[in-house]
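K.L.:
Those letters in the sequence shown? Residues 1 to 348, per our numbering, in order.
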Amino acid sequence: MFEDLKGNDEVKKLLKRVVSAGRTPQALIFAGPDGIGKKQFALKAAKSFVCVSLTEGLPCGECSACIRSSEFKLPTSGKKEDYLRVYFSSHPDIGMVVPNKNSIYIDAIRDLAAEANFRPYEGRARVFVIDEAEKLGLNQKHAANALLKTLEEPASTTYIFLITSKPSSLLQTIHSRCQMLRFSPVSSGEIVKHLLASQELSTLDAELAAKAAKGSIGRALRIDAEDYRNRRARLLEALRGLASRKGIPDALRVSNEISTQKGPDDFRESIELIESVVRDLLLLQRGSGENLSHPDLINELSELASVVGRDGPPLWIDEIEDLKSNLRFNLNKKIAADGIFVKIAAAY
Ligand SMILES: [Zn+2]
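1) Leaving aside the five residues before and after N117 along the sequence, list all residues of the same chain whose C-beta is less than 7 Å from its C-beta, in chain order.
2) Is DSSP giving S179 helix, strand or coil here?
3) In angstroms with no decimal places, state the Cα-to-Cα distance between Y159 and A27.
4) Among E132, I320 and V50, whose alpha-carbon lies nearest the alpha-carbon of I29?
5) What are the start and end residues of the alpha helix (DSSP H) that includes L196?
6) Helix or strand or just coil, what does DSSP make of R58?
7) So, under 8 Å CB-CB, L136 and L148 are touching, yes? Tell me the CB distance rounded to an integer number of Å.
8) Kindly identify the DSSP beta-bridge partner or partners of V97.
9) What do you get for Y105, buried or exposed, if any count of 16 or more other CB atoms within 10 angstroms of its CB means buried?
10) Quick check: the segment 114-128 against the segment 90-102, are at least 3 beta-carbon pairs closer than 8 Å?
11) Do L284 and S302 count as a contact pair if the criterion is CB distance below 7 Å?
12) What residue does the beta strand (DSSP E) around L162 start on, and which one ends it?
13) Which word fits T164, buried or exposed, when buried means at least 16 other C-beta atoms lie within 10 angstroms of its C-beta?
14) Contact defined as beta carbons within less than 8 Å: I believe K16 pairs with V186. What is the distance between those atoms, to the nearest angstrom?
15) Could you tell me if the beta carbon of S53 falls within a distance shorter than 6 Å of some heavy atom in ligand 1?
16) Extract the residue ranges of the alpha helix (DSSP H) inside the segment 273-312, only unbroken runs of 4 or more that lie entirely within it.
17) Would the C-beta of P295 count as close to ligand 1, meaning under 6 Å from any of its heavy atoms?
18) How far does the alpha helix (DSSP H) with I29 in it reach, from first residue to last?
19) Closest to L162 by CA distance: which of V342, Y87, E190 and M96 is it?
20) Leaving out the 5 sequence neighbours to the left and right, which residues in its chain are closer than 7 Å to Q40 when beta-carbon positions are compared?
21) Do L195 and L204 count as a contact pair if the criterion is CB distance below 7 Å?
22) May I ask whether a heavy atom of ligand 1 can be found less than 6 Å away from the beta carbon of P185?
23) Can you tell which of S103, N100, L208 and F128 has its C-alpha closest to the C-alpha of D111?
24) Excluding the 5 residues flanking E190 on each side, which residues of the same chain have their C-beta closer than 7 Å to its C-beta?
25) List the residues that DSSP assigns as beta-bridge partners of F88.
26) For S103, write down the residues that DSSP places opposite it in a beta bridge.
27) Following the continuous alpha helix (DSSP H) through F2, name the residue where it begins and the one where it ends.
28) I'd like to confirm something about P92: is its beta-carbon nearer than 6 Å to some heavy atom of ligand 1, or not?
29) What is the residue span of the alpha helix (DSSP H) that V18 lies within?
30) Comparing alpha-carbon positions, which option in E134, L14, A42 and L235 lies nearest K101?
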């Protein structure tokens with residue numbers, strides 16, 4: 001049932017057991033890092049309520065109902081009016097609510113609450129997936145509250161699956177009404193294996209992507225090794241420039257590149273790249289060359305580590321962590337990224 005999803009063997013076993021026993025919780029949180037397939041797990045579990053050819057309680061994945069239940073036409077417009085409802089798959093009993101940028105709107109949750117009262121049209125139950133459910137919480141107490149009523153007394157044929165990488169951002173009242181499945185990051189060895197089997201990549205590139213993806217297959221697949229190396233090289237150059245005090249314009253140019261990237265994830269990934277480089281500097285300053293994020297750059301990084309003040313890296317990491325925790329608010333990326341480089345320049 002989950003053969004094509006990588007890693008998380010324990011979760012697979014558990015989920016298979018409850019699904020085949022017909023004991024899937026009606027309100028279930030799928031929690032774990034981004035890009036490891038939580039939504040796929042949820043949609044596969046959902047098929048068990050619509051599949052017309054169950055084998056030992058598990059969905060076949062091949063009947064028309066199974067296939068239709070994972071066909072979604074989700075909005076991508078970014079216009080509020082397109083995110084105010086449940087989107088059903090080609091199967092009328094499997095629906096999904098998705099956020100627009102940082103918000104899941106209350107209207108979408110109200111629609112879900114209304115739909116959740118209906119008996120299934122074709123299947124044995126209706127399943128509603130709420131993607132990035134942590135976005136219910138941001139200035140959206142009302143949306144979360146609208147959901148609570150449904151979670152409290154779901155119709156016997158209604159299942160609600162919340163997908164989230166930040167379970168701690170969900171209201172306590174939501175937690176108390178749901179059970180939680182915890183997913184782990186996929187090991188870097190498993191990611192390398194998967195990349196090599198599915199992509200035309202050199203082992204070196206696969207290892208680089210796996211390391212950069214930090215346990216997320218989805219992210220590893222998106223990483224273009226050459227582009228990543230280039231970005232990393234520019235970043236290192238900017239850091240070196242700051243050390244010589246001549247490179248501030250250079251650093252601000254890199255900052256500009258970072259902050260004008262399209263998606264919110266691109267920006268986060270760039271910030272995490274900076275953080276991983278700074279962490280390596282810190283490790284090297286402390287005399288540990290093990291567990292580096294960028295072992296292939298050990299020479300360049302060691303050189304840089306020797307000219308950077310010892311107070312620098314721990315401070316910068318604090319700054320970067322602050323910035324990351326503010327990312328979910330609509331911060332001005334340009335100012336935030338400039339700020340990091342200015343702080344770095346000041347501490348040399
Ligand atoms: Zn089926």
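Don't be surprised by glycine CBs; every beta carbon is placed ideally from N, CA and C.
P.N.:
Taking the geometry as given:
1) Counting from one through the sequence shown, the residue named residue 117 turns up at place 117. Excluding sequence neighbours, N117 sits near A155.
2) Numbered from its first residue, the sequence shown carries residue 179 at position 179. One detail in the question is off: residue 179 reads as Gln in this sequence, not Ser. Residue state, collapsed to three classes: strand.
3) On the sequence shown, residue 159 is found 159 positions in, with the first residue counted as 1. On the sequence shown, residue 27 is found 27 positions in, with the first residue counted as 1. The alpha-carbon atoms of Y159 and A27 are separated by roughly 6 Å.
4) As a position in the sequence shown, residue 29 is number 29, starting the count at 1. Among E132, I320 and V50, the Cα nearest to that of I29 is on E132.
5) Along the sequence shown, one-based indexing puts residue 196 at 196. S188 to S198 is the span of the alpha helix (DSSP H), which, as asked, contains L196.
6) Mapped onto the sequence shown, residue 58 falls at position 58. Here residue 58 is Leu; the residue named in the question, Arg, does not match the sequence. In this structure, L58 counts as strand in the three-state DSSP scheme.
7) Stepping through the sequence shown from its first residue, residue 136 is reached at position 136. Stepping through the sequence shown from its first residue, residue 148 is reached at position 148. Actually they are not in contact, since the Cβ atoms of L136 and L148 sit about 10 Å apart, beyond 8 Å.
8) Counted from its first residue, the sequence shown places residue 97 at position 97. V97 is bridged to I130.
9) Working through the sequence shown from its first residue, we reach residue 105 at position 105. Counting Cβ neighbours within 10 Å, Y105 comes out buried, since at least 16 surround it.
10) yes
11) For the purposes of this step, residue 302 is taken as residue 302 along the sequence shown, with counting starting at 1. For the purposes of this step, residue 284 is taken as residue 284 along the sequence shown, with counting starting at 1. For S302 and L284, yes; Cβs fall inside 7 Å.
12) Taking the sequence shown and counting its residues from 1, the one referred to as residue 162 is at position 162. Its beta strand (DSSP E) spans residues T158 to T164.
13) Taking the sequence shown and counting its residues from 1, the one referred to as residue 164 is at position 164. Result: buried.
14) Within the sequence shown, residue 16 is the residue found at index 16, counting from 1. Within the sequence shown, residue 186 is the residue found at index 186, counting from 1. Wrong, their Cβ atoms sit about 18 Å apart, outside the cutoff.
15) In the sequence shown, residue 53 corresponds to position 53, counting from 1. Correct: S53 has its Cβ closer than 6 Å to ligand 1.
16) 298-307
17) As a working note, residue 295 is residue 295 in the sequence shown. Result no, Cβ not under 6 Å from ligand 1.
18) Against the sequence shown, residue 29 aligns to sequence position 29. Run containing I29: none in the alpha helix (DSSP H); it sits in the beta strand (DSSP E), A27 to A31.
19) Numbered from 1 along the sequence shown, position 162 holds the residue referred to as residue 162. Comparing Cα-Cα distances from L162 to each of V342, Y87, E190 and M96, the minimum goes to M96.
20) Residue 40 sits at position 40 when you count from the first residue of the sequence shown. Once the five neighbours on either side are set aside, the close Cβ partners of Q40 are L5.
21) Your numbering for residue 204 matches position 204 in the sequence shown. Your numbering for residue 195 matches position 195 in the sequence shown. No, Cβ-Cβ distance for L204 and L195 is not below 7 Å.
22) Within the sequence shown, residue 185 is the residue found at index 185, counting from 1. False, no ligand heavy atom lies under 6 Å from that Cβ.
23) Residue numbering aside, residue 111 sits at position 111 when the sequence shown is read from its first letter. Selected option, being the one with the closest Cα: F128.
24) For this step, residue 190 is matched to residue 190 along the sequence shown. Excluding residues within five positions, the ones whose Cβ falls inside 7 Å are K6 and G7.
25) Counting from one through the sequence shown, the residue named residue 88 turns up at place 88. Answer is G95, bridged to F88.
26) Locating residue 103 in the sequence shown gives position 103, counting from the first residue. Per DSSP, N100.
27) Within the sequence shown, the letter at position 2 stands for residue 2. Premise fails: F2 is in no alpha helix (DSSP H) and is neither H nor E.
28) Start at 1 with the first residue of the sequence shown, and residue 92 comes out as number 92. No, the beta carbon of P92 sits no closer than 6 Å to any heavy atom of ligand 1.
29) Within the sequence shown, residue 18 is the residue found at index 18, counting from 1. Start and end: D9 to S20.
30) Along the sequence shown, read from residue 1 onward, the residue named residue 101 stands at position 101. With distances taken between Cα atoms, K101 lies closest to E134.
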